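Only one structure is covered here, and it is reproduced in the block below.
2 protein chains.
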Amino acid sequence: MPAAPAPRRIVALCGGVGGSKLALGLYKLMEPGSLTLVVNTGDDFEHLGLHVSPDIDTVLYTLAGLADPVQGWGRHDETWNFMDTLARLGGPAWFRLGDRDLAMHVRRTDRLRAGASLAEVTREFTEFLNIDAEVVPMTSDRARTMVDTDEGLLPFQEYFVARRCEPPLRKVLLQGAASAHAHPEVLAAMAAPTTRAIVICPSNPYLSIAPILAIPGIKAAIAAARAPVIAISPIVGGEAVKGPTAKIMRELGKPVTQDEIAAHYRGLIQGLVLDESDRDAASRIGLSCRIASTVMRTLDDKVRLARDVCEFADALRLSSIEPGH
Amino acid sequence: MPAAPAPRRIVALCGGVGGSKLALGLYKLMEPGSLTLVVNTGDDFEHLGLHVSPDIDTVLYTLAGLADPVQGWGRHDETWNFMDTLARLGGPAWFRLGDRDLAMHVRRTDRLRAGASLAEVTREFTEFLNIDAEVVPMTSDRARTMVDTDEGLLPFQEYFVARRCEPPLRKVLLQGAASAHAHPEVLAAMAAPTTRAIVICPSNPYLSIAPILAIPGIKAAIAAARAPVIAISPIVGGEAVKGPTAKIMRELGKPVTQDEIAAHYRGLIQGLVLDESDRDAASRIGLSCRIASTVMRTLDDKVRLARDVCEFADALRLSSIEPGH
Numbered sequence: 011m012p013a014a015p016a017p018r019r020i021v022a023l024c025g026g027v028g029g030s031k032l033a034l035g036l037y038k039l040m041e042p043g044s045l046t047l048v049v050n051t052g053d054d055f056e057h058l059g060l061h062v063s064p065d066i067d068t069v070l071y072t073l074a075g076l077a078d079p080v081q082g083w084g085r086h087d088e089t090w091n092f093m094d095t096l097a098r099l100g101g102p103a104w105f106r107l108g109d110r111d112l113a114m115h116v117r118r119t120d121r122l123r124a125g126a127s128l129a130e131v132t133r134e135f136t137e138f139l140n141i142d143a144e145v146v147p148m149t150s151d152r153a154r155t156m157v158d159t160d161e162g163l164l165p166f167q168e169y170f171v172a173r174r175c176e177p178p179l180r181k182v183l184l185q186g187a188a189s190a191h192a193h194p195e196v197l198a199a200m201a202a203p204t205t206r207a208i209v210i211c212p213s214n215p216y217l218s219i220a221p222i223l224a225i226p227g228i229k230a231a232i233a234a235a236r237a238p239v240i241a242i243s244p245i246v247g248g249e250a251v252k253g254p255t256a257k258i259m260r261e262l263g264k265p266v267t268q269d270e271i272a273a274h275y276r277g278l279i280q281g282l283v284l285d286e287s288d289r290d291a292a293s294r295i296g297l298s299c300r301i302a303s304t305v306m307r308t309l310d311d312k313v314r315l316a317r318d319v320c321e322f323a324d325a326l327r328l329s330s331i332e333p334g335h
Numbered sequence: 011m012p013a014a015p016a017p018r019r020i021v022a023l024c025g026g027v028g029g030s031k032l033a034l035g036l037y038k039l040m041e042p043g044s045l046t047l048v049v050n051t052g053d054d055f056e057h058l059g060l061h062v063s064p065d066i067d068t069v070l071y072t073l074a075g076l077a078d079p080v081q082g083w084g085r086h087d088e089t090w091n092f093m094d095t096l097a098r099l100g101g102p103a104w105f106r107l108g109d110r111d112l113a114m115h116v117r118r119t120d121r122l123r124a125g126a127s128l129a130e131v132t133r134e135f136t137e138f139l140n141i142d143a144e145v146v147p148m149t150s151d152r153a154r155t156m157v158d159t160d161e162g163l164l165p166f167q168e169y170f171v172a173r174r175c176e177p178p179l180r181k182v183l184l185q186g187a188a189s190a191h192a193h194p195e196v197l198a199a200m201a202a203p204t205t206r207a208i209v210i211c212p213s214n215p216y217l218s219i220a221p222i223l224a225i226p227g228i229k230a231a232i233a234a235a236r237a238p239v240i241a242i243s244p245i246v247g248g249e250a251v252k253g254p255t256a257k258i259m260r261e262l263g264k265p266v267t268q269d270e271i272a273a274h275y276r277g278l279i280q281g282l283v284l285d286e287s288d289r290d291a292a293s294r295i296g297l298s299c300r301i302a303s304t305v306m307r308t309l310d311d312k313v314r315l316a317r318d319v320c321e322f323a324d325a326l327r328l329s330s331i332e333p334g335h
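Residue numbers (the working numbering), protein chains in the order written: chain A, 11 to 335; chain B, 11 to 335.
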């Protein structure tokens, strides 16, 4: 009887900038074709008649080596002649679309209009960009993140870009979640015995990960998975490395602590990766923890954290297979 | 009793490159705000989900001083990063859209989707581009030029750009003409006693002018106008200065002569402007003719021809007012 194939696939849930850093580390570390990224599309919106998928594009640009490391979004080889001209014509300038970036939105919109699904278009993009990973939207259906704030319910991009996350947040909703469908290949990848780990990237838990988990079937698939489920905390020393995670936690009345992140993901994950600056929290959390350097500045940082995540997953798997450990 | 205001407005029918040269000459020559350009929109098409209006944009770019004098279309300050990226993503590359040019199409499409008419969007563009002339589409309704060729019926841009006018042409049709509406301000400008002349620019008579004349009401308004109607022949010494006019005339079995241009416009015009190289034709044509240099290379050429056209119009008006002349 042949041995079962060694678990090798990582299925990672991720949003934009923060998550895509670890996604890049995993991508560089692992064998080609063994990474499945389930990407938040709650941030998607129609702008100027174009279907914009900010998190998918951030992930694609990051994996393709095209991301802008300075501004944290968009492409490093970008020009802005479209945008300048649009503003001169009286068009809206609050959401910046670079000349090269625009090709993604125009092409995506045209393919969607021709009947392709968001997953199909994304697959085409990964092929044209020579990315040897599966990048899958959390759903190809319309499901939009809405942010309930002190100023009322705001569409995500209005809250995030136009208002720079200023209005105090009360709640995050995913409009259309109930009728949205997870992609079967994602559910299958989560269930597969060859899956080494399910990883929740250090993306914003409320704005980026919660929408993915709100798609029917995804939470259940994670709960039923044989592979260990690991989250990497986006909090370092009581603050978010980047972005509004800590601000949002305060607005929701939650302490900005690793305990709170652990509580947020409890029941879903078997292990939590904490930054070394929060080493003390590990003993309190009541969950398997791994201490690692979670601040990713260089590519080496990203690959090192990815390696830590994989080793942690393998250790968790062994401990669950061998009772007594 | 006050004297009637002196006729000052020129209403000019024009297509893209050839016509816009004279349009620029008229624009530079005349007082601000006294030029109405009725522009062919039979070339309009949807590409990548965007509403592209090639002739309107050529006219706008020309009047705004933004046109590319070398390639004869698009903008002189153009970059191609969108197009390069689109091609890398597997998108169609046969119709070239520059980064700045794209802003026109995206903004126009977005405004049309929001309920603005093509005329309204065009007026907005003239304002933002500081153009002090009325640029009016022949219609804001959908009316599309189709070219019947030896290879079958082709949409205009497929014939013109993708096939480079290669398939022999049999007939030009304007799909949707019957239900298209001319703009009331155009009809009013044609009828106004203050109109100095109606000018048919040296655009392709079959591909650019015929669609304008096919819009219900335009021919009748020209026929009823008090102002003299003048065409500038696009033929010089048996060839077109640029573009496929001569090729098309041969394919239609017509001689490439001034006589043929005169016959084509007979009943519609009172005067024809001929290039000096075709001076001999003037006596044969049976129509008032003006000999001028119709090849416009420099801005001076354009303004000089515009001045000739205006003088010719004034002379025709006098001769019609004073019988015996």
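Every residue gets a Cβ at the ideal spot worked out from N, C-alpha and C, and that includes glycine.
Quick caveat: nothing in here was measured; it's all calculated off a predicted structure.
* Please check if any C-beta of chain C sits within less than 9 Å of the C-beta of B/Gly125. => No chain C is part of this structure, whose protein chains are labelled A and B.
* To do: Can you have a look at A/Arg117 and say buried or exposed, based on whether 16 or more other CB atoms are within 10 angstroms of its CB?
  => Counting Cβ neighbours within 10 Å, A/Arg117 comes out buried, since at least 16 surround it.
* Where B/Val305 falls: helix, strand or coil (DSSP) -> In the structure shown, B/Val305 falls within a coil segment according to DSSP collapsed to helix, strand and coil.
* Which residues in chain B sit within 8 Å of A/Phe135, going by Cβ to Cβ distance? -> Neighbours of A/Phe135 in chain B, taken as residues whose beta carbon is under 8 Å from its own, are Leu99 in chain order.
* Asked: Does A/Arg110 get closer than 9 Å to chain B when you measure Cβ to Cβ?
  -> At a cut-off of 9 Å between beta carbons, A/Arg110 contacts chain B.
* **Under the three-state DSSP convention, the category B/Ile271 falls into** => It is helical.
* Asked: If we cut at 9 Å on Cβ distances, does B/Thr205 have a partner in chain A?
  -> Residue contact check for B/Thr205 against chain A: no CB pair falls below 9 Å.
* A/Ala113 at chain B interface by Cβ criterion, 9 Å -> True, the Cβ-Cβ gap to chain B drops below 9 Å.
* Asked: Where do the ends of the beta strand (DSSP E) carrying B/Thr46 lie?
  -> From DSSP, the beta strand (DSSP E) with B/Thr46 extends over 45-49.
* CB B/Val246 to CB B/Asp310, shorter than 9 Å? -> No, Cβ-Cβ distance for B/Val246 and B/Asp310 is not below 9 Å.
* To do: Give the interface partners of A/Asn91 over in chain B, defined as CB-CB distance under 7 Å, in chain order.
  => Chain B residues near A/Asn91: Thr89, Asp109, Arg110.
* Neighbouring residues, chain A, relative to B/Leu58 (Cβ below 9 Å) -> Listed by position along chain A, the residues whose Cβ is nearer than 9 Å to that of B/Leu58 are Val116, Arg117, Thr119, Asp120.
* Asked: On the three-state DSSP scale, how would you describe B/Ser293?
  -> Looking at B/Ser293 - three-state DSSP - the assignment turns out to be helix.
* Asked: How far does the alpha helix (DSSP H) with B/Val196 in it reach, from first residue to last?
  -> For B/Val196, the enclosing alpha helix (DSSP H) begins and ends at 194-201.
* Look at the Cβ atom of A/Thr132, then the Cβ atom of A/Pro147, and state whether they are nearer than 9 Å. => It is a contact, given that the beta carbons lie within the stated cut-off.
* Asked: Between the C-alpha atoms of B/Leu297 and B/Ile210, what's the straight-line distance to the nearest angstrom?
  -> If I take the Cα positions, the gap works out to 15 Å.
* beta strand (DSSP E) segment containing B/Met156, residue limits -> From DSSP, the beta strand (DSSP E) with B/Met156 extends over 154-159.
* To do: Taking 8 Å as the threshold, find out whether the stretch 316-328 of chain B comes into contact with the stretch 201-215 of chain B through three or more Cβ pairs.
  => Yes, the stretch 316-328 of chain B touches the stretch 201-215 of chain B.
* To do: Look up A/Leu184 in the DSSP assignment and give the residues it is bridged to.
  => Residue pairing from DSSP places A/Leu184 in a beta bridge opposite A/Thr155.
* **the stretch 232-251 of chain A / the stretch 21-33 of chain B touching (three or more Cβ pairs under 8 Å)** => These segments do not touch.
* Please decide whether B/Phe138 counts as near chain A, where near means a Cβ-Cβ distance under 9 Å. => Taking Cβ atoms only, chain A reaches closer than 9 Å to B/Phe138, which makes this a yes.
* To do: Return helix, strand or coil for B/Thr89, following the three-state DSSP convention.
  => Residue state, collapsed to three classes: coil.
* Proximity test, Cβ basis, 9 Å: B/Leu96 and chain A -> Between B/Leu96 and chain A, the shortest Cβ-Cβ separation is below 9 Å.
* Should A/Gln268 be labelled buried (16 or more other beta-carbon atoms within 10 Å of its own) or exposed? -> For A/Gln268, the number of other beta carbons within 10 angstroms of its own is at least 16, and it is reported as buried.
* Inter-stretch contact (C-beta, 8 Å, three-pair minimum) for the stretch 37-48 of chain B and the stretch 98-111 of chain B -> No, they do not touch.
* To do: Can you check DSSP and say which residues form a bridge with B/His61?
  => In the DSSP output, where bridge partners are listed per residue, B/His61 has B/Glu56.
* To do: Find the nearest neighbour of A/Glu56 within the set A/Arg18, A/Trp90, A/Asp120, A/Asn91, judged by alpha-carbon distance.
  => Each of A/Arg18, A/Trp90, A/Asp120, A/Asn91 was checked against the Cα of A/Glu56, and the nearest Cα belongs to A/Asp120.
* **B/Asp109 beta carbon less than 9 Å from that of B/Asn91** => Contact flag set, yes.
* B/Ser127 in three-state terms, based on DSSP -> Reduced to three states, the DSSP call for B/Ser127 is coil.
* 9 Å Cβ cutoff met for A/Ala273 and A/Val266 -> Taking 9 Å as the Cβ cut-off, A/Ala273 and A/Val266 do not qualify as a contacting pair.
* Between the Cα of A/Arg173 and the Cα atoms of A/Leu284, A/Leu164, A/Leu32, which residue gives the shortest distance? -> Residue nearest to A/Arg173 within the set A/Leu284, A/Leu164, A/Leu32 is A/Leu164 (criterion: CA-CA distance).
* Asked: Helix or strand or just coil, what does DSSP make of A/Gly281?
  -> In the structure shown, A/Gly281 falls within a strand segment according to DSSP collapsed to helix, strand and coil.
* Could you pull out every residue in the same chain whose Cβ sits closer than 7 Å to the Cβ of A/Gly52, ignoring the five residues on either side in sequence? => Around A/Gly52, the same chain offers Ala153, Arg154, Thr155, Phe166, Leu184, Pro221 as residues with beta carbons nearer than 7 Å, after the five sequence neighbours per side are excluded.
* To do: Pick helix, strand or coil for B/Cys211, following the three-state DSSP scheme.
  => In this structure, B/Cys211 counts as coil in the three-state DSSP scheme.
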